[in-house]
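I have placed the structure first, in the form of structure tokens, so that the comments after it can refer back to it.
Chains as they are written, first to last, in my numbering: chain A, 6 to 247; chain B, 26 to 87.
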């Protein structure tokens with residue numbers, strides 16, 4: 006691999022088709038090959054239509070029990086594919102380096118091996134949240150944590166700033182396990198938050214829209230109710246500043 | 026209208042409610058209902074099933 010090899014990592018956004026940027030579309034159309042890991046099937050079809058030499062990475066995503074092993078396998082597959090084609094485009098949903106280790110690790114490895122690497126940003130779930138909840142992170146400041154990391158590393162935060170917690174549906178879940186019981190993790194999260202906010206402090210359960218024409222789902226509850234609510238795989242938690 | 030074409034049209038035409046409702050009539054009834062319920066996850070689940078079958082015309086949504 007040398008600087009004649011090009012890796013373009015692009016974000017497809019969250020809302021299918023709507024969030025594809027012009028530069029991402031051009032990269033998909035013009036690359037010699039496209040690898041993709043996206044969040045819904047319509048976008049898969051759209052990518053294949055725009056570049057028939059496209060391959061899903063989904064078969065690797067579910068290969069190993071531990072998600073970390075799958076992420077590593079995806080990064081390795083991207084690097085191996087770069088030996089086959091000069092210009093490779095990798096499409097990941099959301100923003101390609103936000104909560105997306107496989108793409109970022111592959112980009113770093115490819116750069117180290119001498120390839121040219123470009124990363125085109127995409128619209129993340131957090132961007133959608135700012136828009137749908139009318140939030141400017143520049144007012145009060147904004148902190149954003151992955152929920153397991155928030156608890157495991159006992160992250161310190163300022164409750165007078167906006168607080169966003171990702172992946173609260175799978176706290177302490179490191180495997181692909183659709184039947185995972187999240188109650189213990191959410192209880193712990195609720196207790197940690199109650200140390201800093203009142204029990205009645207509002208918390209928003211936010212789900213960005215996946216499809217054009219469909220609105221985001223926003224549910225406001227009291228912090229003390231968090232344990233009693235089912236969280237989906239696309240729920241992000243938001244707590245407004247004190 | 027295929028489901029991809031439906032969403033592509035809605036994404037690129039800033040459709041008003043009546044246009045969207047009219048286009049929805051081209052979609053399988055379950056997708057239409059999930060769309061009107063504003064349920065992204067259910068729409069995704071239904072589309073996944075549709076794509077799973079090679080002959081889409083044999084799929085029945087209940």
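Ideal placement from N, C-alpha and C gives every residue a C-beta, glycine not left out.
Give a yes or no on whether the C-beta atoms belonging to residue i and residue j are separated by under 7 angstroms.
i              : j              : result
residue 50(A)  : residue 215(A) : no
residue 21(A)  : residue 32(B)  : yes
residue 242(A) : residue 173(A) : yes
residue 187(A) : residue 119(A) : no
residue 134(A) : residue 202(A) : no
residue 65(A)  : residue 59(A)  : no
residue 179(A) : residue 71(A)  : yes
residue 19(A)  : residue 152(A) : no
Using a C-beta to C-beta distance shorter than 7 angstroms, which residues of chain A count as neighbours of residue i?
i             : result
residue 28(B) : 47
residue 45(B) : 218
Determine the chain B residues that contact residue i at a beta-carbon separation under 9 angstroms, and present them in chain order.
i              : result
residue 239(A) : 65 and 66
residue 51(A)  : 29, 32 and 33
residue 212(A) : 65 and 66
Who are the neighbours of residue i on chain B, taking C-beta pairs under 7 angstroms?
i              : result
residue 216(A) : 32, 65 and 68
residue 22(A)  : 32, 33 and 36
Going by the DSSP bridge assignment, what does residue i pair with across the sheet?
i              : result
residue 207(A) : 227(A)
residue 212(A) : 222(A)
residue 51(A)  : Looking at the DSSP assignment, residue 51(A) forms no beta bridge with any residue, so it has no partner.
residue 147(A) : 167(A)
Could you give the residue range of the beta strand (DSSP E) that holds residue i?
i              : result
residue 41(A)  : 38-42
residue 241(A) : 241-244
residue 94(A)  : 92-97
residue 60(A)  : 59-61
residue 156(A) : Unbroken run through residue 156(A) is the alpha helix (DSSP H), 152-157; no beta strand (DSSP E).
residue 103(A) : Neither: residue 103(A) is in no beta strand (DSSP E) and is coded neither H nor E.
residue 14(A)  : 11-16
Can you tell which of the options has its C-alpha closest to the C-alpha of residue i?
i              : options                          : result
residue 12(A)  : 48(A), 96(A) and 143(A)          : 96(A)
residue 248(A) : 94(A), 223(A), 198(A) and 231(A) : The requested residue 248(A) does not occur in the structure, where chain A is confined to residues 6 to 247.
residue 16(A)  : 148(A), 43(A) and 6(A)           : 43(A)
residue 98(A)  : 79(A), 90(A), 48(A) and 87(A)    : 48(A)
residue 54(B)  : 67(B), 36(B) and 40(B)           : 67(B)
residue 245(A) : 163(A), 181(A), 90(A) and 194(A) : 163(A)
List, in order along the chain, the chain A residues whose C-beta lies closer than 9 angstroms to that of residue i?
i             : result
residue 54(B) : The contacting residues do not exist; residue 54(B) stays about 17 angstroms from chain A at best.
residue 73(B) : 45 and 46
Less than 6 angstroms between the CB of residue i and some heavy atom of the ligand ZN, yes or no?
i             : result
residue 97(A) : The model depicted lacks the ligand ZN and carries no ligand whatsoever.
The alpha helix (DSSP H) that contains residue i, what's its start and end?
i              : result
residue 72(A)  : 72-87
residue 60(B)  : 54-61
residue 124(A) : Unbroken run through residue 124(A) is the beta strand (DSSP E), 121-125; no alpha helix (DSSP H).
residue 38(B)  : 28-38
residue 32(A)  : 27-35
residue 135(A) : 130-137
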